[in-house]
Amino acid sequence: MLLRYLSVLGDAPLAYLMLVGAFVFSMLVGLTFHEFSHAYVANGLGDHTAARRGRLSLNPMAHFDPVGSTMILLIGFGWAKPVPVNPLNTANPKRSMTLIALAGPASNLVVAGLAAVPIKAGLVPFFHPFVSPSIAGFAASVWAESPENLVGLFLGTVVLLNVLLAVFNFLPIAPLDGFNVTVGLLPGDLSRTFASYAAWGPGVLMLLIFLPFLSNGQFNPLFDVMGPVIDFLLGAFTGDAGSVQVV
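Per the numbering used here: the sequence shown = residues 178 to 424.
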């Protein structure tokens, strides 16, 4: 994602630095709080696996994944090191798995909501970097017009990235949190049948992620599903979302 804006670095260096800061902040806070929340809920329910391995921590380095955490800076998509949990250590494993899985995406919505407060209050405008490359230069010049615009860009980017993290992780595809939520919510045999498809999840997920690139942008089923939810949440948080572009 940041590579897209290298062309405007010379014309709007402050805007570019604000983008870098927002992406780094989102990685440190959004991903860290996401994984910490998994560990916190698991620990509260009786599974101390994450705590014993040093993952019940708000230290970003405890959750840093060299590949996934770098990717979020470059392409706007990535991950942290998954927190190890074992719901079998809890009184109600099926219910616990659902709550532990829900905690991560929910934490990102909390971060997004907090970052959106000044925007919702009208103190700064709502800007984010997910715009068409054809208007990136113009957008950067607008972002750099005032301190308020730069702060709006920073906060808007934090809001958007955390909404993206939440919505993406809610997808019912292994190894995403939404898969475990679905397994936990489905009844008996249906739950076990759905859980048996976990091994197929990573392959399906990679195909869905790379399909837009393989099809030259013609097919993007992930964003077709996620886009309306993302736009709804951005509108709810900021009051003026517009439509997110992923070109």
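Every residue gets a Cβ at the ideal spot worked out from N, C-alpha and C, and that includes glycine.
How close, in whole Å, do the beta carbons of residue i and residue j come, if the pair is a contact with beta carbons under 8 Å?
i: isoleucine 386; j: leucine 399; result: 7 Å
i: leucine 332; j: isoleucine 296; result: 6 Å
i: phenylalanine 414; j: glycine 290; result: 6 Å
i: glycine 390; j: serine 284; result: Glycine is not the amino acid found at residue 390; the sequence shown has phenylalanine there. Not really, about 30 Å apart at Cβ, beyond 8 Å.
i: phenylalanine 356; j: glycine 378; result: 6 Å
i: histidine 215; j: valine 260; result: 4 Å
Does the beta-carbon distance from residue i to residue j come in below 8 Å?
i: valine 308; j: glycine 329; result: no
i: threonine 275; j: glycine 394; result: no
i: glycine 223; j: alanine 268; result: yes
i: methionine 204; j: leucine 327; result: no
i: glycine 207; j: leucine 353; result: no
i: aspartate 188; j: alanine 317; result: yes
i: valine 244; j: alanine 292; result: no
i: alanine 239; j: arginine 232; result: yes
i: valine 340; j: leucine 279; result: no
DSSP on residue i, reduced to helix/strand/coil?
i: histidine 240; result: coil
i: proline 405; result: helix
i: isoleucine 350; result: coil
i: phenylalanine 303; result: coil
i: glycine 391; result: In the sequence as displayed, the identity of residue 391 is leucine instead of glycine. Looking at leucine 391 - three-state DSSP - the assignment turns out to be helix.
i: glutamate 322; result: coil
i: arginine 229; result: helix
i: leucine 196; result: helix
i: phenylalanine 416; result: At residue 416 the sequence reads glycine, which differs from the phenylalanine that was named. Note: glycine 416 maps to coil in three-state DSSP.
i: aspartate 366; result: helix
i: alanine 313; result: helix
Next item on the list: Scan the stretch 252-292 and note each continuous alpha helix (DSSP H) run of 4 residues or more that stays entirely inside, going in chain order.
Entry: Within the stretch 252-292, the runs of alpha helix (DSSP H) that reach at least 4 residues and sit entirely inside it are, in chain order, 270-292.
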